[in-house]
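Protein sequence lines correspond, in order, to chains A and B.
Read in this note's numbering, the first sequence has 57 at position 57, and its numbers run on one by one without any break.
Count along the second sequence from 1, add 305, and you get the number used in this note's numbering.
Beta carbons: idealized from backbone N, C-alpha and C, even for Gly.
See structure below.
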Amino acid sequence: MGAQLRVYKRRIRSVTATKKITKAMEMIAASRVVKAQRKVAASAPYATELTRAVTAVGTGSNTKHPLTTEAQNPARAAVLLLTSDRGLAGAFNSNSIKAAEQLTARLERDGKQVDTYIVGRRGVAHYNFRERKVAESWTGFTDEPSYADAKRVAAPLIEAIEKETADGGVDELHIVYTEFVSMMTQTALDARLLPLRLDEVAAEAAPKGEILPLYDFEPSAEDVLDALLPRYVESRIYNALLQSAASKHAATRRAMKSATDNAGELINTLSRLANAARQAEITQEISEIVGGASALADATAGSDR
Amino acid sequence: MAAELHVELVAADRQVWSGEATLVVARTTSGDIGVMPGHQPLLGVLESGPVTIRTSDGGTVVAAVHGGFVSFADNKLSLLAEVAELSDEIDVQRAEQELERAKAEDDDEAKRRADVRLRAATAAR
Numbered sequence: 001m002g003a004q005l006r007v008y009k010r011r012i013r014s015v016t017a018t019k020k021i022t023k024a025m026e027m028i029a030a031s032r033v034v035k036a037q038r039k040v041a042a043s044a045p046y047a048t049e050l051t052r053a054v055t056a057v058g059t060g061s062n063t064k065h066p067l068t069t070e071a072q073n074p075a076r077a078a079v080l081l082l083t084s085d086r087g088l089a090g091a092f093n094s095n096s097i098k099a100a101e102q103l104t105a106r107l108e109r110d111g112k113q114v115d116t117y118i119v120g121r122r123g124v125a126h127y128n129f130r131e132r133k134v135a136e137s138w139t140g141f142t143d144e145p146s147y148a149d150a151k152r153v154a155a156p157l158i159e160a161i162e163k164e165t166a167d168g169g170v171d172e173l174h175i176v177y178t179e180f181v182s183m184m185t186q187t188a189l190d191a192r193l194l195p196l197r198l199d200e201v202a203a204e205a206a207p208k209g210e211i212l213p214l215y216d217f218e219p220s221a222e223d224v225l226d227a228l229l230p231r232y233v234e235s236r237i238y239n240a241l242l243q244s245a246a247s248k249h250a251a252t253r254r255a256m257k258s259a260t261d262n263a264g265e266l267i268n269t270l271s272r273l274a275n276a277a278r279q280a281e282i283t284q285e286i287s288e289i290v291g292g293a294s295a296l297a298d299a300t301a302g303s304d305r
Numbered sequence: 306m307a308a309e310l311h312v313e314l315v316a317a318d319r320q321v322w323s324g325e326a327t328l329v330v331a332r333t334t335s336g337d338i339g340v341m342p343g344h345q346p347l348l349g350v351l352e353s354g355p356v357t358i359r360t361s362d363g364g365t366v367v368a369a370v371h372g373g374f375v376s377f378a379d380n381k382l383s384l385l386a387e388v389a390e391l392s393d394e395i396d397v398q399r400a401e402q403e404l405e406r407a408k409a410e411d412d413d414e415a416k417r418r419a420d421v422r423l424r425a426a427t428a429a430r
């Protein structure tokens, strides 16, 4: 076998192995998307009921709460960025990081100081490499986040928002996550969690303009709101974590699918090249034999005369 | 047919129980509260404790609920809990072990959680 042909054969073998791996990763991601989607759906009843309850307290009473009132001159804002622990997901992480950077730039233009909180190793690595300050970060659960993880993430954020701005607290809380629209579409977007825009929440809870009943609060509207709002933030963060996880798996699936397709194409091209190389080798051998034979024939023909 | 109310018991990550009931007893921060059909709209903060649901077919469902809310309107009662377990999902042995451990480590919160689980499990028997 010629040297060139051997090289092609070797490359085909290695690409075939890679293709097998990417194909397996694609299938794993596909099954994980379904699982993650199911989790998103399972968390929906709690989120809907909680939103309804928040709206009920917010609109049904004239309670003022630090988590619903806008500061007059917001000076500091917290941004929570959700990325994944692992790559191989196409533009998933760079999209959400880009969205976070745009949001940060916008907030800074408005004269706010931004504290960044990050979930996911990819985001942490991005910020550390650029030596940017990260207030706090969490890693290790982005593939399958649990409610306890959401609580852990939410705790310091709620603490920061309840603190006075002068003591290092923040006035606003933004979250950047990747919304799972469909298997093919996932969009990185930012949302302001706090202070709460009650009219927006109300529109979400009662889209048909239904009127919420006048509730009796037990023990009191303030206490209910006090207990309700942190849970609301936790549930929103939980939902965002789940959606990001589903989006990440969908992005992985897509990236791995195109990698598998590319590998197939590469194998085709390489096989054609290998075939051509083999044919060239044969042609050369034949022409060598023919050439040799005719040289011999010429030589013997000359000696005869 | 007796008047009924619709109950949804939801935990943060799943729906635990839903169905029709005639009476629901839950523990709020200011004491136990019983909700029957036609109750005034209510929104309350729940304590860790057992929730008893008397279903319309005469049965009783007991669940251990750790923190959350109860809201009632239009004959629909929603129990929102971060963690909720039905009594038949509770592993009594494990809860007992946890209680022992919590006592040994002097962890008040874990002690209360295990205690609520045990109470819910025994109340259903």
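ask   = If you draw a straight line from the C-alpha of Leu228 of chain A to the C-alpha of Leu50 of chain A, how long is it?
value = Cα-Cα distance, rounded: 8 Å.
ask   = DSSP state of Tyr215 of chain A, grouped into three classes?
value = Tyr215 of chain A sits in coil when the DSSP states are folded into three classes, being neither helix nor strand.
inquiry  = Considering Cα atoms alone, identify which of B:His371, B:Thr357, B:Val329, B:Thr427 is closest to Val397 of chain B.
reply    = Measuring from the Cα of Val397 of chain B, the nearest candidate turns out to be B:Thr427.
task = Give me the Cα-Cα distance between Ala53 of chain A and Arg130 of chain A, rounded to the nearest whole angstrom.
result = Per the coordinates, the alpha-carbon of Ala53 of chain A lies some 42 Å from the alpha-carbon of Arg130 of chain A.
request  = Check whether the region 90 to 107 of chain A touches the region 220 to 238 of chain A, taking contact to mean three or more Cβ pairs, one atom from each stretch, closer than 8 Å.
outcome  = As far as the Cβ criterion goes, the region 90 to 107 of chain A does not touch the region 220 to 238 of chain A, which means the pair count is below three.
CA nearest to the CA of Asp318 of chain B, picked from A:Pro230, A:Gln186, A:Ala259, A:Ser146 = Per the Cα distances, A:Ser146.
request  = Return the Cβ separation of Thr260 of chain A and Lys23 of chain A in integer angstroms, given the expectation that the two are a contact with Cβ distance under 8 Å.
outcome  = Taking C-beta atoms under 8 Å as the contact rule, Thr260 of chain A and Lys23 of chain A qualify, at a distance of about 5 Å.
ask   = Going by alpha carbons, who is nearest to Ala30 of chain A out of A:Val224, A:Ala246, A:Ala166?
value = With distances taken between Cα atoms, Ala30 of chain A lies closest to A:Ala246.
ask   = Looking only at its own chain, which residues have a Cβ that is under 7 Å from the Cβ of Ala42 of chain A, when we skip the five neighbours before and after it?
value = Closer than 7 Å at Cβ, skipping near neighbours: no residue.
ask   = Any C-beta of chain A sitting closer than 8 Å to the C-beta of Val315 of chain B?
value = By the rule that beta-carbons nearer than 8 Å mark a contact, Val315 of chain B touches chain A.
ask   = Between Tyr232 of chain A and the rest of its own chain, which residues show a CB-CB distance below 6 Å, the 5 nearest in sequence each way excluded?
value = The answer, listed in chain order, is Leu50, Val54.
query = Whose C-alpha, out of B:Glu313, B:Glu410, B:Asp412, is nearest the C-alpha of Pro45 of chain A?
reply = Ranking the options by Cα distance to Pro45 of chain A, first place goes to B:Glu313.
query = Does the beta-carbon distance from Lys19 of chain A to Gly291 of chain A come in below 8 Å?
reply = Cβ atoms of Lys19 of chain A and Gly291 of chain A: not closer than 8 Å.
key: Contact list for Asp223 of chain A against chain B, beta-carbon separation under 8 Å   = Those are Thr334, Val350, listed as they occur along chain B.
Contact check, Leu382 of chain B vs Arg359 of chain B, beta carbons under 8 Å = No, Cβ-Cβ distance for Leu382 of chain B and Arg359 of chain B is not below 8 Å.
request  = Would you please verify whether the beta carbon of Lys39 of chain A is less than 8 Å from any beta carbon of chain B?
outcome  = Yes, Lys39 of chain A lies at the interface with chain B (some Cβ there is under 8 Å from its Cβ).
Other residues of its chain near Ala36 of chain A: CB distance less than 6 Å, five sequence neighbours each side excluded = If we look at Ala36 of chain A and ignore the five residues flanking it on each side, its Cβ neighbours are Ala245, Ala246, His249.
inquiry  = Please list, in chain order, the residues of the region 258 to 283 of chain A that have any C-beta partner in chain B closer than 9 Å.
reply    = Of all residues in the region 258 to 283 of chain A, none has a Cβ within less than 9 Å of some Cβ in chain B.
query = Hey, is Ile358 of chain B's beta-carbon within less than 8 Å of any beta-carbon in chain A?
reply = Under the Cβ distance rule, Ile358 of chain B does not count among the residues neighbouring chain A, no pair being separated by less than 8 Å.
Closest Cα partner of His65 of chain A within the set A:Val124, A:Pro195, A:Ser294, A:Asp216 = Checked all of A:Val124, A:Pro195, A:Ser294, A:Asp216; the closest Cα to His65 of chain A is A:Pro195.
ask   = Out of B:Ala415, B:Ala368, B:Pro342, which has the shortest C-alpha to C-alpha gap to Ala308 of chain B?
value = Of the candidates B:Ala415, B:Ala368, B:Pro342, B:Pro342 places its Cα closest to the Cα of Ala308 of chain B.
request  = Counting only runs of 4+ residues fully inside the region 153 to 186 of chain A, write out the alpha helix (DSSP H) ranges in chain order.
outcome  = Given a length threshold of 4 residues, the region 153 to 186 of chain A has no whole run of the alpha helix (DSSP H) inside it.
key: At least 3 beta-carbon pairs within less than 8 Å: the region 113 to 122 of chain A vs the region 81 to 92 of chain A   = Contact check between the region 113 to 122 of chain A and the region 81 to 92 of chain A: three or more CB pairs, one atom from each, fall below 8 Å, which counts as touching.
request  = Counting only runs of 3+ residues fully inside the region 84 to 119 of chain A, write out the beta strand (DSSP E) ranges in chain order.
outcome  = Runs of the beta strand (DSSP E) lying entirely within the region 84 to 119 of chain A and spanning at least 3 residues, in chain order: 113 to 119.
ask   = Does any CB atom of chain B fall closer than 8 Å to the CB of Val57 of chain A?
value = Output row for Val57 of chain A: interface = yes.
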